[in-house]
Amino acid sequence: MAYDSGLVERVADTLAQIGERGVRQKNVFGGRGFLAGKSTFVIVWEDGLLVKTPADEYPALLERPGIEPFAPGGEAPMGTWLVVPADAVADDPELTEWVRRGLKGIRR
715 MAYDSGLVER VADTLAQIGE RGVRQKNVFG GRGFLAGKST FVIVWEDGLL VKTPADEYPA
775 LLERPGIEPF APGGEAPMGT WLVVPADAVA DDPELTEWVR RGLKGIRR
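According to the working numbering, the sequence shown is numbered sequentially starting from 715.
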């Protein structure tokens with residue numbers, strides 16, 4: 715399944731609104747990744763997101779409805795990456811929260 719190009723635009727708009735500059739995009743895991751420097755912090759993947767989260771927030775975030783660890787191919791979960799479904803980022807405030815969390819995940 716291809717990534718949601720409308721969600722890519724929303725993430726880019728969110729980054730501009732919160733004043734993040736110098737973020738670039740590239741294809742990652744079949745999705746569209748957003749990178750600060752060399753670190754990927756959010757990937758638009760199918761119709762939702764993959765988000766790099768701070769290690770200390772990871773366990774609590776897994777308790778939220780619909781949030782799952784990112785475990786490609788059914789292997790062990792990848793660090794503190796989470797799968798965030800489309801309904802969890804359907805509204806702009808929630809999308810902003812997840813984008814900020816991804817940035818925090820690479821900056822700690």
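Where is the CB? At the ideal position from N, CA and C, for every residue including glycine.
Taking C-beta atoms as the reference points, Leu-763 and Val-798 count as a pair closer than 7 Å. In the displayed model, Arg-778 falls within coil according to three-state DSSP, outside both helix and strand. Taking a 10 Å sphere around the C-beta of Arg-815, we find 16 or more other C-beta atoms and assign the residue as buried.
Only buried fits Ile-781, as 16 or more other CB atoms lie within 10 angstroms of its CB.
Closest in C-alpha terms to Gly-736, from the list Leu-749, Thr-728 and Gly-745, comes Leu-749.
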